[in-house]
Amino acid sequence: MFRKAAVRGLFYPSSAEEAEKFISENTAGTPPCEALAVMLPHAGWIYSGSTAVKTASRVRIPDRVILMGPNHTGLGARVSVYPEGRWETPFGDVKTDGDMIKKLTSSHICSEDAMAHINEHSLEVIVPILKHFNPDIRITPVTVMGLSSETCRAMGELLAQVCDDNTLVVISSDMNHFENASVTDRKDNAALQAVLALDEKELARTVSGMNISMCGAVPAAAAITYCKLKGCTETELVEHTHSGYVSGDYDRVVGYAGVIFHK
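For the sequence shown, my numbering gives the first residue as -12, with consecutive numbering after it.
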């Protein structure tokens, strides 16, 4: 199955040359580290691309990547795994990982489903960045929506079962949406404190209790469970910013953060 890019030329450059220039200009100048997972934002590159590139460039991108992000469209299954096939990017097509797709969809938690992915941007905007750093990547795109805390934990446990040492889990999430910069910074910092502490229960309590519109809170919680089961004890906040720094509008911003979950 072939997925044609839905937001190419809108959220990120349509040409390989322009995409390459943007990524090269925002790549961190430090050697990549080994990571179990990373959390990257998924807005238009003009707003969050720098944070996404800086964070992705800080880790080694292996051949096998599981991308897990929110389902903004409401279409498809609650946990939708894209079928075996290819995804279009400015740098050429990226193959999906048939073996990993079979492993995930053999569980009752996941469904093989393309509908959730057709117009979803949360994973698409990240794929060209990953392909830049490893042209040989195979991806397993997963979108989630409306999971209970029990299912969220079960998803993290499933990831721990199927992921080997050459697998990177990429969480796609923006932070708080459409409040002023001061409120967004306060809410983002509270949510990020839970993420960095590897406390998925506190993340859920904080997001709910403070009414934080962190769209990828569920995939982040599942990934935290996964990382702890794999022995993760060290996290790193690479960057935290918001759209107001680009747009000049500080009354209605979206927060963005890049986080590394170290091996």
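The C-beta atom is built at its ideal place from N, Cα and C for all residues, glycine as well.
For residue 165, the closest C-alpha among the options 222, 231 and 159 is that of 231.
With at least 16 other beta carbons inside 10 angstroms of its own, residue 174 counts as buried. Secondary structure note for residue 165: its beta strand (DSSP E) is the uninterrupted segment 164 to 166.
With a contact defined as Cβ atoms closer than 8 Å, residue -12 and residue 71 qualify at about 7 Å. Contact annotation, residue 158 with residue 55: C-beta distance approximately 6 Å; criterion of less than 8 Å satisfied. Taking 8 Å as the upper bound for CB-CB distance, residue -8 and residue 137 are not in contact here, some 35 Å apart. CA-to-CA, the gap between residue 51 and residue 83 works out to about 9 Å.
Taking 8 Å as the cut-off, the Cβ atoms of residue 38 and residue 244 count as close. Rounded to whole angstroms, residue 249 and residue 212 show a C-alpha spacing of 14 Å. For residue 243, the enclosing beta strand (DSSP E) covers residues 240 to 249.
The stretch 96 to 109 makes contact with the stretch 62 to 71; the number of CB pairs closer than 8 Å reaches 3 or more. A residue is called buried once 16 or more other Cβ atoms fall within 10 Å of its Cβ, and residue 118 is buried on that count. The Cβ atoms of residue 227 and residue 240 do not sit closer than 8 Å to each other. Per DSSP, reduced to three states, the secondary structure at residue 26 is strand. Residue 20 counts as exposed, since fewer than 16 other C-beta atoms from the protein chains shown sit within 10 angstroms of its C-beta.
Residue 57 sits in a strand when the DSSP states are folded into three classes. Pairing residue 155 with residue 169, the inter-Cα distance amounts to about 33 Å.
Collapsing the DSSP output to three states places residue 17 in coil. Ranking 29, 15, 222 and 202 by CA distance to the CA of residue 108 puts 29 first. Linking residue 11 to residue 222 through their CA atoms gives a straight-line distance of about 25 Å. By the Cβ neighbour-count rule, residue 45 is buried, with 16 or more other Cβ atoms within 10 Å of its own. Taking a contact to require three or more Cβ pairs closer than 8 Å, the stretch 131 to 147 and the stretch 200 to 220 qualify as touching. Relative to residue 210, the option among 191, 5, 196 and 79 whose CA is nearest is 191. Contact between residue 127 and residue 88 holds, since their C-beta atoms are separated by about 6 Å, short of 8 Å. Fully enclosed alpha helix (DSSP H) runs of no fewer than 4 residues occupy 187 to 196 and 204 to 216 of the stretch 169 to 224, in order along the chain.
When rounded, the separation of the alpha-carbon atoms in residue 204 and residue 194 is 8 Å. Taken through DSSP and simplified to helix, strand or coil, residue 76 comes out as coil.
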